[in-house]
Amino acid sequence: MNQPLGSVIEGSLSEGLEVRLHPDISVEEMRVGKFLVVQGSRSKFFCLLTDVSLGTSTPRIFTHPPDPEDDFWREVLAGSDTYGTIEIAPMLMLSIDNSIEEDSPNTVTLKNAFGEFESKLKLLPVKTIPSHFSQVYESTEQDFRSVFGWEDDPYKKNFAIGKPLDMEVPICLDLDRFVERSNGIFGKSGTGKSFLTRLLISGIIRKQAAVNLMFDMHSEYGWEAVSEGKQLNMVKGLRQLFPKEVEIYTLDPKSTKRRGVPNSRDLFLSYDQIEIEDLRLISRELGLSEASLDNANILAGELGRDWIYKLINMTNEDIEIFCNEKQGHKGSIMALQRKLKRLESLKYMKSVCPHNYINEILALLDGGKHVVVEFGSQGSMLSYMLVTNMITRRIHRAYVKKAETFLQTKNTMDKPRPLVITIEEAHRFLDSKIVHQTIFGTIAREMRKYFVTLLVVDQRPSGIDNEVMSQVGTRITCLLNDEKDIDAIFTGVSGASGLRSVLAKLDSKQQALVLGHAVPMPVVVRTRAYDQQFYAEVGEPDWQTMDDDTLRIEAKKAKSDLGF
Numbered sequence: 000m001n002q003p004l005g006s007v008i009e010g011s012l013s014e015g016l017e018v019r020l021h022p023d024i025s026v027e028e029m030r031v032g033k034f035l036v037v038q039g040s041r042s043k044f045f046c047l048l049t050d051v052s053l054g055t056s057t058p059r060i061f062t063h064p065p066d067p068e069d070d071f072w073r074e075v076l077a078g079s080d081t082y083g084t085i086e087i088a089p090m091l092m093l094s095i096d097n098s099i100e101e102d103s104p105n106t107v108t109l110k111n112a113f114g115e116f117e118s119k120l121k122l123l124p125v126k127t128i129p130s131h132f133s134q135v136y137e138s139t140e141q142d143f144r145s146v147f148g149w150e151d152d153p154y155k156k157n158f159a160i161g162k163p164l165d166m167e168v169p170i171c172l173d174l175d176r177f178v179e180r181s182n183g184i185f186g187k188s189g190t191g192k193s194f195l196t197r198l199l200i201s202g203i204i205r206k207q208a209a210v211n212l213m214f215d216m217h218s219e220y221g222w223e224a225v226s227e228g229k230q231l232n233m234v235k236g237l238r239q240l241f242p243k244e245v246e247i248y249t250l251d252p253k254s255t256k257r258r259g260v261p262n263s264r265d266l267f268l269s270y271d272q273i274e275i276e277d278l279r280l281i282s283r284e285l286g287l288s289e290a291s292l293d294n295a296n297i298l299a300g301e302l303g304r305d306w307i308y309k310l311i312n313m314t315n316e317d318i319e320i321f322c323n324e325k326q327g328h329k330g331s332i333m334a335l336q337r338k339l340k341r342l343e344s345l346k347y348m349k350s351v352c353p354h355n356y357i358n359e360i361l362a363l364l365d366g367g368k369h370v371v372v373e374f375g376s377q378g379s380m381l382s383y384m385l386v387t388n389m390i391t392r393r394i395h396r397a398y399v400k401k402a403e404t405f406l407q408t409k410n411t412m413d414k415p416r417p418l419v420i421t422i423e424e425a426h427r428f429l430d431s432k433i434v435h436q437t438i439f440g441t442i443a444r445e446m447r448k449y450f451v452t453l454l455v456v457d458q459r460p461s462g463i464d465n466e467v468m469s470q471v472g473t474r475i476t477c478l479l480n481d482e483k484d485i486d487a488i489f490t491g492v493s494g495a496s497g498l499r500s501v502l503a504k505l506d507s508k509q510q511a512l513v514l515g516h517a518v519p520m521p522v523v524v525r526t527r528a529y530d531q532q533f534y535a536e537v538g539e540p541d542w543q544t545m546d547d548d549t550l551r552i553e554a555k556k557a558k559s560d561l562g563f
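Mapped onto numbering that gives the first Met the number 0, the consecutive letters of the sequence shown carry residue numbers 0 to 563.
Structure follows, in structure tokens:
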């Protein structure tokens, strides 16, 4: 085992452990977020370093401090009169038990030097603490493997999301557990949330853990996008990595083809597909009051499914006749008409849409395809909220029927494929004022009851309802500055006080705190680079055949079809 760093001198299960560093260990080597191991008399404890401090044996040293140039006295005092201390939070206990079943939960297996499975180790929640003077050590590669596993584990769908801050060992998410619940990627603007999202979705596709439906508000995920940083390089989208697995639908065909996206599919919706619940979600964007929604209910009952199109095209005389016959209020209905006319600016809305694109998307998902819906120039908040709600509610409705059929027949052929729906600006859909009336709040609370979960991407987690945040299974959080946002991240998380300091010390780029259902314990990672090496490791074997020349030819043809 490595040289010990220090000894446990005091602490508690709720507040964590205090460790006094040995004299030859520099306090400057201790970084918040570091992964440490305490060797107890009976168990090994995996811990996260949460704070670093300096201590002295007597305050008299402060009255006569050694000269800064006097290295001799500083060395004399070090270790006995002056010392460093660290605070660590125990997260897991490890015990060896070869009688454990292979598929037992919270169980990992280690490989020996020949790649053979050797020991089965059971990870347990921490319910006690190590004794006084237990030694604290740097974590080894084997420690990380025993906790986070490895990507080629035959019993799990593990996916490496990054590496520890000070080691070159992959840290894996268990994707089967990841897709069991709704999850979140959080961080302030510019911290790399979109790259993390591409990374995770790529892993889900590669490991076939679920199918994905992504609502791509800024056209970043489906096709190539500009990388963040000083150099404006292009990074590949999911369709380029998985050309046989990913389909792109666009609400703005001209914008998509200008970007050189080949073989995208157009997506149109019609007014008769809009329901009152859709209008309720966008009531703030349209300025609709509860009275307006009541009038909408009346009109829908009287005019039928295409009531919006009929209302938009009514003249003042038509409205007056309607109000006289149905005892409606002319001013209120005219105000509703005026607000709904904003929908006419949405290029993808049609009076009649003979082809059902939502059923087409559902059929692709059933067949194991992954779907990205691009918005292009139609990426206003009004448009984004309307489309995501319309499509999601209908797909969820279909999944409910499929799940009920499966529960009735118990036939594995009837079991729906797990579906992960990715939404950006999630606080707009999951705000506490409307969350109980939207399909997204329903999905978040169901915890995969009907095989549908959310992947929410947001820079303002404090805007998400607390009940929904408590149901978020795995939280991958980049740097946050706002105290309310930091508080929201730790909603329903025990031992959050120590983790707050860890989150506050993250770098602004390529670092994240991962905690929740898909990892055995919270851990800080240097996120995996989304680069050429990643493309080769994760993408389809033949993705490289779509070289730049081929892409340029297809892009040029797509543009010429539109007359550009």
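Where is the CB? At the ideal position from N, CA and C, for every residue including glycine.
Sixteen is the threshold: since fewer than 16 other Cβ atoms of the shown chains lie within 10 Å of the Cβ of Pro124, the residue is exposed. Where Met446 is concerned, there is no enclosing beta strand (DSSP E), because DSSP gives it neither an H nor an E. Here the alpha carbons of Cys477 and Gly202 stand approximately 19 angstroms from one another. If you check the CB distance, Ser469 and Gly491 come in under 8 angstroms. Proximity to Leu48 across Met90, Thr81 and Tyr82 peaks at Met90, based on C-alpha coordinates. Approximately 14 angstroms separates the beta-carbon atoms of Leu35 and Glu140; this is outside 8 angstroms, ruling out the contact. Classified as buried, Phe241 has 16 or more neighbouring CB atoms from the shown chains inside 10 Å of its CB.
Glu219 sits in coil when the DSSP states are folded into three classes, being neither helix nor strand.
For Gly497, the three-state secondary structure derived from DSSP is helix. In this structure, the alpha-carbon of Ser188 lies about 15 angstroms from that of Gly462. In the structure shown, Gly300 adopts helical secondary structure according to DSSP, grouped into three states.
For Asn410, no alpha helix (DSSP H) encloses it, and the DSSP letter there is neither H nor E.
Here Glu424 carries a coil assignment [DSSP, helix/strand/coil]. When DSSP states are grouped into helix, strand and coil, Ile24 belongs to the coil group.
If you compare the alpha carbons of Ile332, Lys253 and Arg341 with that of Leu292, the shortest gap goes to Ile332. CA-to-CA, the gap between Thr408 and Gln134 works out to about 56 angstroms. Under the three-state reduction of DSSP output, Phe143 falls in the helix class. Taking Met348 as the centre and dropping the five residues before and after it, the same chain places the C-beta of Phe267, Leu268, Ser269, Tyr270 and Leu342 closer than 8 angstroms to its C-beta, in chain order. The beta-bridge partner set that DSSP reports for Thr526 consists of Gly161.
By the Cβ neighbour-count rule, Pro58 is exposed, with fewer than 16 other Cβ atoms within 10 Å of its own. With fewer than 16 other Cβ atoms from the protein chains shown falling within 10 Å of its own Cβ, Tyr154 counts as exposed.
Note that the region 216-223 does not touch the region 506-515; fewer than 3 beta-carbon pairs, one per stretch, sit closer than 8 angstroms. Around Glu27, the same chain offers no residue with a beta carbon nearer than 8 angstroms, after the five sequence neighbours per side are excluded. Pairwise C-beta distances place the region 270-280 in contact with the region 389-396, as three or more of them are shorter than 8 angstroms. Taking the Cα of Gly538 as reference, the smallest distance to any Cα among Gln207, Asp152 and Gly191 is reached at Gln207.
The residue from Lys338, Glu289 and Ile281 with its alpha-carbon nearest to that of Tyr308 is Lys338.
Within the same chain, and ignoring the five residues on either side of Cys322 in sequence, the residues whose Cβ sits closer than 7 angstroms to its Cβ are His328, Lys329 and Ile332. Judged by pairs of C-beta atoms under 8 angstroms, the region 519-534 touches the region 150-165, as three or more such pairs exist. When DSSP states are grouped into helix, strand and coil, Ala290 belongs to the helix group. As a beta-bridge residue in DSSP terms, Gly54 pairs with Tyr82.
DSSP places Cys322 in the helix class (H, G or I) of the three-state scheme.
Taking C-beta atoms under 8 angstroms as the contact rule, Ile200 and Met213 qualify, at a distance of about 7 angstroms.
Residue environment for Val351: exposed (fewer than 16 other C-beta atoms within 10 angstroms of its C-beta). Closest option to Asp173, judged by alpha-carbon separation, among Gly186, Lys156, Gly183 and Met166: Lys156. If you draw a straight line from the Cα of Tyr534 to the Cα of Glu219, it comes to about 16 angstroms.
The shortest CA-to-CA distance from Val260 to any of Val467, Gln272, Gln239 and Leu280 is the one to Gln239.
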